[in-house]
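Asker: In the numbering used here, the protein residues as written are 27 to 392.
Ideal Cβ placement from N, Cα and C applies to all residues, glycine included.
Every value quoted in this text rests on a predicted model; they were computed, and no experiment measured them.
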Amino acid sequence: MKITGVELRRIAMPLVSPFRTSFGTETARDVLLVRVVTPEAEGWGECVAMSEPLYSSEYVDGAAEVIKRFLLPALTRPLGANDVARALEPIKGHRMAKAAVETAVLDAQLRAAGESFGRFLGAARDRVPCGVSVGIMDSIPQLLDAVAGYLDEGYLRIKLKIEPGWDLAPVRAVRERFGDDVLLQVDANAAYTLTDARHLAGLDDLGLLLIEQPLANDDLVQHAKLAKQLRTPICLDESIESAEHAAAAIALGSCSIVNIKPGRVGGYLEARRIHDLCRANGIAVWCGGMLETGLGRAANVALAALPGFTLPGDTSGSRRYYATDITEPFELNDGHLAVPAGPGLGVEPIPSILDEVTTATEWITL
Ligand code: NPG
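Printed below as a string of structure tokens:
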């Protein structure tokens with residue numbers, strides 16, 4: 027396909043409630059959308075970079091800049107989605123920016139071919155079980171109310187955000203209130219160090235599915251040491267930016283579970299590679315989320331339908347984050363989301379809603 031032009035569109039999406047993690051509090055999502063235009067079809071990609079470089083080094087203004095200045099100029103020859111990563115390889119890092127561009131090209135290619143993301147990626151089912159991520163709250167009663175609400179909505183797994191000072195007590199309170207059958211896990215977003223190992227072992231009696239990213243992003247060796255001191259399985263998120271990182275983590279024994287976020291690893295093709303590698307090594311994977319709109323959510327749900335995704339993902343319904351999504355909203359049915367079956371992402375932005383939330387657009391002719 028020849029890309030004739032690309033629209034970069036910024037949208038501002040207010041969150042239904044503030045979302046607090048160990049690295050910051052979000053009240054609105056500043057999203058960069060990439061629309062790739064080819065003679066055959068158009069395609070959308072959603073960039074998951076946040077406003078500030080607090081989760082990783084990427085941030086949305088930087089992603090827009092690198093896409094315009096370095097990524098798009100490398101894509102002037104006709105190409106397919108499989109060629110994008112190689113064409114962009116000389117540009118180091120910037121995986122979230124690359125993922126948005128590759129996803130838009132893949133969407134255009136699949137829409138032109140009449141094939142869905144799920145089918146292309148190798149989905150093994152037509153719906154996926156859903157978990158929900160619950161932010162850090164001001165008090166334990168407030169947390170218990172939030173968790174009760176999500177369980178009522180049908181969520182099949184609860185993930186609690188933790189940080190030093192908000193860990194053992196709130197997690198124990200949730201376990202005691204809702205019982206041993208609730209699938210429960212925690213996410214530290216790199217907020218601890220190895221010296222906290224004994225403290226974190228206090229979680230071992232709470233029957234958690236996993237503890238996600240307890241230590242710093244580049245601490246694979248330390249995670250391997252921590253794994254020996256905890257009975258709770260360690261899952262890595264921020265540490266895994268590629269299949270090579272996943273291979274290293276597996277070889278070192280740094281984790282027994284991986285959270286796959288396509289944006290973090292440079293796109294859905296690399297995400298599938300990590301899935302394949304983990305599956306071959308008996309490492310469970312699940313699909314993470316980064317507060318995506320319906321566009322990113324559609325692709326995530328397709329990925330989460332691959333056979334190695336054996337744990338419920340952060341694939342929540344649209345209204346967990348947004349009163350009005352830019353696509354038809356994703357709605358939970360019996361704790362599951364349906365994998366879109368239409369061509370490409372299988373969903374479209376609704377033009378009037380998209381225009382209402384748009385803060386800037388830029389057209390780049392290639
Ligand atoms: O359901 O989309 C979702 C969000 C799930 O907790 C979630 N995401 O650390 O995994 C995370 C966290 C996150 C959100 C990270 C935004 C970075 C940005």
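1) What residues in its chain sit with their C-beta under 6 Å from that of Y348, if we drop five residues either side in the sequence?
2) Determine the closest residue to I117 out of I93, R137 and D133, with distance taken between C-alpha atoms.
3) If you follow the alpha helix (DSSP H) that G88 is in, where does it begin and where does it stop?
4) Relative to the C-alpha of D198, which residue among I352, I166, T384 and A274 is closest?
5) Return the chain-ordered ranges of every beta strand (DSSP E) run that is complete within the segment 226-314 and spans a minimum of 3 residues.
6) Is it buried or exposed, S142, if we count other Cβ atoms within 10 angstroms and call 16 or more buried?
7) Would you identify the three-state DSSP class for F356, choosing helix, strand or coil?
8) Take the Cβ of S378 as the centre, count every other Cβ of all protein chains shown within 10 Å, and call the residue buried at 16 or more, exposed below.
9) Compute the distance between the beta-carbons of L295 and E72, then report whether it is under 8 Å.
10) Residues in its own chain within less than 7 Å of H271 by CB, not counting five upstream and five downstream?
11) Do the CB positions of A216 and L246 come within less than 8 Å of each other?
12) Give the straight-line distance between the Cα atoms of A172 and V160, rounded to the nearest whole angstrom.
13) Given a threshold of 16 other Cβ atoms within 10 Å of its Cβ, counted over all protein chains shown, does T353 qualify as buried or as exposed?
14) Quick one: measure Cβ to Cβ for H362 and P155, integer angstroms, because I've assumed they're closer than 8 Å.
15) Measuring only from the beta carbon, is N243 closer than 7 Å to any heavy atom that is part of the ligand NPG?
16) From what residue to what residue does the alpha helix (DSSP H) around L169 run?
17) Alpha carbon to alpha carbon, how far is G368 from L256?
18) For V32, write down the residues that DSSP places opposite it in a beta bridge.
19) Any heavy atom of the ligand NPG within a distance shorter than 7 Å of the CB on L317?
20) For the ligand NPG, is there a heavy atom less than 7 Å away from the beta-carbon of M76?
21) On the criterion of 16 or more Cβ atoms from any shown chain inside 10 Å, does T129 qualify as buried, or is it exposed?
22) Excluding sequence positions up to five away, which residues of its chain have a Cβ less than 6 Å from the Cβ of L278?
23) From L210 to L186, what does the alpha carbon distance come to, in whole angstroms?
24) If we ignore side chains and look at the alpha-carbon of each, how far apart do V383 and R55 end up?
25) Please tell me whether A90 and L58 are closer than 8 Å, where the distance is taken between their beta carbons.
26) With 16 other CB atoms within 10 Å as the buried threshold, where does K28 fall?
27) Look at the alpha carbon of E388 and the alpha carbon of G69, and state the distance between them as a whole number of angstroms.
28) Say yes only if the C-beta of Y81 is nearer than 7 Å to one or more non-hydrogen atoms of the ligand NPG, and no if none qualify.
29) Compute the distance between the beta-carbons of G31 and I376, then report whether it is under 8 Å.
30) Within 10 Å of its beta-carbon, does T53 have 16 or more other beta-carbons around it, so buried, or fewer, so exposed?
31) Between T258 and L234, is the Cβ-Cβ spacing less than 8 Å?
32) Suppose contacts are defined by Cβ-Cβ distances below 8 Å. Is A364 in contact with D230 by that definition?
33) Whole angstroms are fine: how far does the CA of L177 sit from the CA of L332?
34) Helix, strand or coil: which one does DSSP assign to M122?
35) Just to confirm my understanding: we take P366, look at its own chain, exclude 5 residues before and 5 after, and list those with CB closer than 8 Å. What are they?
Answerer: According to the structure shown:
1) The answer, listed in chain order, is M39.
2) Comparing Cα-Cα distances from I117 to each of I93, R137 and D133, the minimum goes to I93.
3) Unbroken alpha helix (DSSP H) run through G88: V86 to V92.
4) It is Arg, not Asp, that sits at residue 198 in the sequence shown. Considering only alpha carbons, the answer is I166.
5) Qualifying beta strand (DSSP E) stretches, in chain order: 260-262, 283-286 and 310-313.
6) S142 is buried by the Cβ-count criterion.
7) The answer is coil: DSSP assigns F356 none of H, G, I, E or B.
8) Burial call: exposed.
9) In this structure, E72 does not lie closer than 8 Å to L295 by Cβ.
10) Closer than 7 Å at Cβ, skipping near neighbours: S265.
11) Their beta carbons are not under 8 Å apart, which means A216 does not touch L246 by this criterion.
12) For the pair A172 and V160, the Cα-to-Cα distance works out to about 8 Å.
13) Label assigned to T353: buried.
14) Right, the Cβ-Cβ distance comes to about 6 Å (below 8 Å), so this counts as a contact.
15) Not one heavy atom of the ligand NPG falls within 7 Å of the beta-carbon of N243.
16) I166 to E179 is the span of the alpha helix (DSSP H), which, as asked, contains L169.
17) Each residue's alpha carbon lies about 44 Å from the other.
18) Beta-bridge partners of V32 (DSSP): V62 and I390.
19) Yes, the ligand NPG has a heavy atom inside 7 Å of this Cβ.
20) For the ligand NPG, at least one heavy atom lies less than 7 Å from the Cβ of M76.
21) Classification for T129: buried.
22) For L278, the CB contacts under 6 Å within the same chain, skipping 5 residues up- and downstream, are L246 and A250 in chain order.
23) C-alpha separation (whole angstroms): 8 Å.
24) Counting only the Cα atoms, R55 lies some 11 Å from V383.
25) With contacts defined by Cβ atoms closer than 8 Å, A90 and L58 form a contacting pair.
26) Per the 10 Å Cβ criterion, exposed.
27) Cα to Cα, the separation comes out at about 16 Å.
28) True, at least one ligand heavy atom lies under 7 Å from that Cβ.
29) No Cβ-Cβ contact shorter than 8 Å links G31 with I376.
30) That one is exposed.
31) If you check the CB distance, T258 and L234 come in under 8 Å.
32) No, these two residues do not count as a Cβ contact at 8 Å.
33) Taking the straight line joining both Cα atoms gives about 25 Å.
34) Correct three-state label for M122: helix.
35) S142, F143, G144, A324, V327, A328, G372 and V373, listed in sequence order.
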